[in-house]
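Each protein sequence line maps, in turn, to chains A and B. The numbering of the first sequence is this note's numbering, which starts it at 36 and goes up by one. The numbering of the second sequence is this note's numbering, which starts it at 21 and goes up by one. Every residue, glycine too, gets a C-beta built ideally from N, C-alpha and C.
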Amino acid sequence: MTELKNVEQEVGRFRMRLAAAATFVLFAFGLLGARLVYLQIYKHEELSTQAENNRITVVPIVPNRGLILDRNGIVLANNYSAYTLELTPSKIDDLEGTIDRLAALVAIEPRDRKRFKRLMEENKSFESLPIRTKLSDDEVARFTAQRFMFTGVDIKARLFRNYPLGQVGSHLIGYIGRINDKDVERIGEWDETANYKGSDYIGKVGIELSYERELHGTTGWEEVEVDANGRAVRTLSRTAPIAGSNLKLSLDVKLQKVAEAAFGDRRGALVAIDPNNGDVLAFVSKPGFDPNLFVDGIDPASWQEYNESPDKPLLNRPLRGAYPPGSTIKPFLALAALSSGKRTASQAIFDPGFFQIPGQAHRFRDDKPGGHGTVDMYKSIVVSCDTYYYMLANETDIDDTARFLSALGFGRKTGLDIEGELTGTLPSREWKRQRFAGKNYRDEHRKWYLGDSISAGIGQGYNSFTPIQLAHAIATVANNGVAYTPHLVKSVENLKSGEVREIARDSAVNLGLRPEHLAVIRNALVGVNKEGTSAAAFRNAGYVSGGKTGTAQVFSLKGEKYAEHKVDERLRDHAWFIAYAPADKPTIALAVLVENGGFGAQAAAPIARKVLDQYLVGNTQPGAAPVVQDRPGDDESD
Amino acid sequence: MLSLVARIWEALTRRIDRMLFACALAIVGVGLVTLFSAADQSIPRVTTQLASFAFSIALMWLFANIPPQTLARAAVPLYVVAVLMLVGVALFGVVVNGSRRWLNFGVARFQPSELMKIALPLMLAWYFQKHEGRIGWWDFALAAALIIAPVYLIKRQPDLGTSLLIAASGLYVLYLAGLSWKIMVGLAALGAAAGPFVWQHLHDYQRERILTFIDPTRDPLGAGYHSSQASIALGSGGVVGKGWLNGTQTHLDFLTERHTDFIFAVFGEEFGLIGNAVLLILYLLVIGRGLVIAANASTLFARLLAGAITLMFFTYAFVNMGMVSGLLPVVGVPLPLVSYGGTAMVSLFIGLGVLMSVQAHRKLVAT
């Protein structure tokens, strides 16, 4: 009985325990249910978004960059597709080791490693960065077979910018390079951040820089479903990219090549313009560089070479080289004198070989000892008589001169359509006040002296202008005083619509110069090439041309007569030449500068001759222009 | 003829509990449907699971027809063999993935901890039955020793999850046998106090799991990945789910272990809250039925065994779903009758068979 009771008691207690357990079970499942309600109702929207984000990736499709063509359709910049070997540093534990192992499969030079290191410093670690570009088919195959051993390493097909002509026109075409922090800011200012998603490159210099937004195109998008490993499973939607517009330049590459070759290994600049519309026909800066080296980040050795060379191959000389104009300024000053009435064409002075400011002992020398004798305006230009211009400067207020030259474009940006143009220096009273405004200068430094005017009167002193300014000015004279803004890009061709848009130009500006004044000057310029300082360079030319030589002093030899052979090459004078042709109806005007070339007639004029021959006759022998030795009279100055 | 068939059928199904079997069948059905989706519509996966299922049913039938007393006689030898095998594992075990869990018998490898899942509650139920009516504290002390020995051996394999589950199965028996609440509360307090000490002895990956459980965003691509992707799968399923075979988390590989431990996330993503509710109710029915069987069992041995088996079934279901939904830290426990895997299926159906046996044999003993 007691046992049965005990058993009943025990069963009762057991059932109590079971009931407690059942309560716990219900509680636990209630908790689970609550959790599921929380996830599947309360958090449903948020987690659905996360699932969609997991699933869908938007992949930008980079548009093809527009081509750059010369006026005859010759390709100056294009794209080609190649394979690159890329590493994503954040996905790789042992970067050095991985690169070492890769080097067993594909050729990786020390310079590739160096460049990769630089890219790593400039980019975020989760970005895919190329260690090798332009893999051969063999290399691609070898890596693909071993791919499973390399996490964070990929082969990608990418479009590369290519400049098929190498150094030719490098300064005007420029180059593209990887987008850096500064570029990102620039893109932000354009409000184009979305459009540059996926773009790795951007124009850095030259037309590639200035026309970046035309060339880049519109990025397309692909919505892709991806799995957990990031592999694309299928495409959900696609918006095709729109390729960048093609640019057609006014440049004539054949002429450009002749011009560049004519320099040989001399340094300098040349700008040739069609005076009738401002088309830039040739734009030379010597030495040049190979823009292809910059596309993937230039290797340190080449960079050092370019950057530290005393020849400054990266300097865009036509645009950013400011040089005293020397005697090339004389025709413009003569034109100013005609316009202001300070001189007539026939009015002559007597040149004793020097000029003295009344009451002062200092003699401003003419190059020809004993002087040129009686000199009128024609002769002043043809023989480049300094005394004529000393006297003119003595009688002319510098501010009037500055105003006239400014209208011709001196000391102002010409407005060429690539960035970085310098203004040069067009001296005036106001300019000098500002130039010497600092605390280190006293009032006597800021004052304009007559001596300043005299030096400026032959293109020395404070004057300094860029080759493009001189080319622009001579083109304006050649076009009877109607100035066009020079430009490199003629038209923009939208590939999608096929629409060709001529780049809108500032309308021509008529400077209001009197035809009879222009005629005097142009007659004298023709005389220079016929019987003047550059006659030797233009002997037997198949056309009539106008020109003017010039020599810009680099180094002032006090009291001593300048003797070329005695002076270090780097301190020699710069040689200038400006020209246009044909004389009666000019189709080309140009300015040539040869750094440390000595007399303009010797070094610069023959280069101009080659370019004009090529453009007007088309029979140029390729190669460097000769240095003319037989000058018409030893005593002739320029 | 018809009556013969009917009689054979009656003989076959006499000891099969209709409700338990129907619910289990429904859950297995859910499992197969989900597995087909989780395994990317792989027919072999599903047929393998079906084969396990068929084999399991046979074993269930077998155990349903073995009277509980017979099982009680097997308790001691089974426990001794299981412990010896665990010792064998410690001495000559095969190391897989850094854990020494397997014994190699030449033809097949065997994981003795699986056997212990059944052997321990059987042993304890047998022990308390033997001392029925005069159970004192020393019996509980001895039972504790019987629990601690295998739990320690499994823990040092190392396999913390399984050792905890086996400890739980033993503790359920102690609880049902009437272990005083005071001692249980005392043990719980002791356990809490030992927390920092245990923490010191955990492996790095185990600590990582616990830290990740507390804050899954700590390392969303590393240790927290499974957990947060499973939550995303469940949550994005919403009320009605994305539909069968349409789970994006599932089919784009975001869910790992999706046909085994994380299959509940697949189910929840494709069938939503409604599907989950149905599954939870099916589990509750199985557990409820198990508890009723335990309550009505005629011997202490049968009561303890049935109760422990039912509570273990609950534990597996709750721990798995709790882990997948982010309620509990990640431990390697399959979802009962749903997750892919033959061993678990077989063990679970044997457990159900034992429950059916307890139910079927109760009157016989009672009268």
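- The residues Leu98, Val101, Ala102, Met105, in chain order, have a CB closer than 8 angstroms to that of B:Leu135 in the same chain once the five nearest residues on each side in sequence are set aside.
- DSSP places A:His609 in the uninterrupted beta strand (DSSP E) bounded by 609–616.
- When C-beta distances to chain A are compared with 8 angstroms, the residues of the segment 285–317 of chain B below that value are Gly288, Gly292, Leu293, Asn296, Ala297, Leu300, Tyr303, Leu304, Ile307, Gly308, Leu311, Ala314, Ala315, in chain order.
- Sequence-distant Cβ neighbours of A:Gly581 in its own chain, meaning closer than 6 angstroms and more than five residues away, are Arg557, Leu560, Val561, Tyr615, Ala618.
- Sequence-distant Cβ neighbours of B:Gly292 in its own chain, meaning closer than 7 angstroms and more than five residues away, are Gly257, Gly258, Val259, Val260, Gly261.
- A:Asn215 carries a coil assignment under DSSP once its states are collapsed to helix, strand and coil.
- Scanning the segment 122–174 of chain B from its first residue to its last, the whole alpha helix (DSSP H) runs of 4-plus residues come out as 132–150.
- Taking the beta carbon of A:Phe64 as reference, the chain B residues within 8 angstroms of it are Leu300, Tyr303, Leu304, Phe338, listed in sequence order.
- Here the alpha carbons of A:Ser272 and B:Gly49 stand approximately 38 angstroms from one another.
- Note on the segment 266–322 of chain A: whole beta strand (DSSP E) runs with a minimum of 3 residues are 267–274, 281–284, 303–308, 315–321, in chain order.
- By the Cβ-count criterion, B:Val116 is exposed, with fewer than 16 other Cβ atoms from all chains shown falling within 10 Å of its own Cβ.
- With distances taken between CA atoms, B:Leu324 lies nearest to A:Ala56 out of A:Ile623, A:Ala56, A:Ile642, A:Val662.
- For A:Arg50, the nearest CB of chain B lies under 8 angstroms from its own CB, placing it at the interface with that chain.
- B:Ile252 reaches chain A at Leu82, Gln85, Ala86, Asn89, counting residues in chain order whose Cβ is nearer than 8 angstroms.
- The beta carbon of A:Val535 sits closer than 6 angstroms to those of Ser526, Glu528, all from its chain and outside the five residues before and after it, given in chain order.
- In the DSSP annotation of this structure, A:Thr254 is not part of any alpha helix (DSSP H), being labelled neither H nor E.
- In the structure shown, A:Lys239 falls within a strand segment according to DSSP collapsed to helix, strand and coil.
- Taking a C-beta distance under 8 angstroms as the contact criterion, A:Ala307 and A:Ala294 qualify as a contact pair.
- Interface residue (Cβ-Cβ distance to chain A less than 8 angstroms): B:Asp60 is not classified as such.
- Counting only unbroken stretches of 3 or more residues, the beta strand (DSSP E) elements lying wholly within the segment 138–187 of chain A are 164–167, in sequence order.
- At a C-beta separation below 7 angstroms, B:Arg323 has these neighbours in chain A: Phe49.
- In the assembly as shown, A:Trp611 is a buried residue. Its beta-carbon has 16 or more other beta-carbons within 10 Å.
- The beta-carbon of B:Phe274 is placed less than 8 angstroms from the nearest beta-carbon of chain A.
- For B:Arg27, there is no enclosing beta strand (DSSP E); the enclosing alpha helix (DSSP H) has its first and last residue at 22–33.
- Residue contact with chain B for A:Leu67: present (Cβ-Cβ distance below 8 angstroms to some residue of chain B).
- Excluding the 5 residues flanking it on each side, B:Pro87 has same chain C-beta neighbours closer than 6 angstroms at His381, in chain order.
- The beta carbon of A:Lys126 does not come within 8 angstroms of any beta carbon belonging to chain B, so the residue lies off that interface.
- Contact note: B:Phe334 reaches chain A through Val60, Ala63, using a C-beta cutoff of 8 angstroms and chain order.
- Residue pairing of B:Ala188 in beta bridges, as defined by DSSP: absent, with no partner found.
- Think of a sphere of 7 angstroms around the beta carbon of A:Leu194: no beta carbon from chain B falls inside it, the nearest being about 30 angstroms out.
- Taking the Cα positions, A:Glu43 is about 42 angstroms away from B:Leu24.
- Per the DSSP secondary-structure output, A:Gly582 pairs in a beta bridge with A:Ala614.
- By a beta-carbon distance limit of 8 angstroms, A:His522 does not contact A:Leu625. Their separation comes to about 16 angstroms.
- Taking 8 angstroms as the upper bound for CB-CB distance, A:Phe318 and A:Leu350 are not in contact here, some 14 angstroms apart.
- For secondary structure counted as the beta strand (DSSP E) over 3 or more consecutive residues, the segment 32–119 of chain B holds these complete runs in sequence order: 114–116.
- For A:Ala57, the residues of chain B that pass the 7 angstroms Cβ criterion are Leu311, in the order they occur in the chain.
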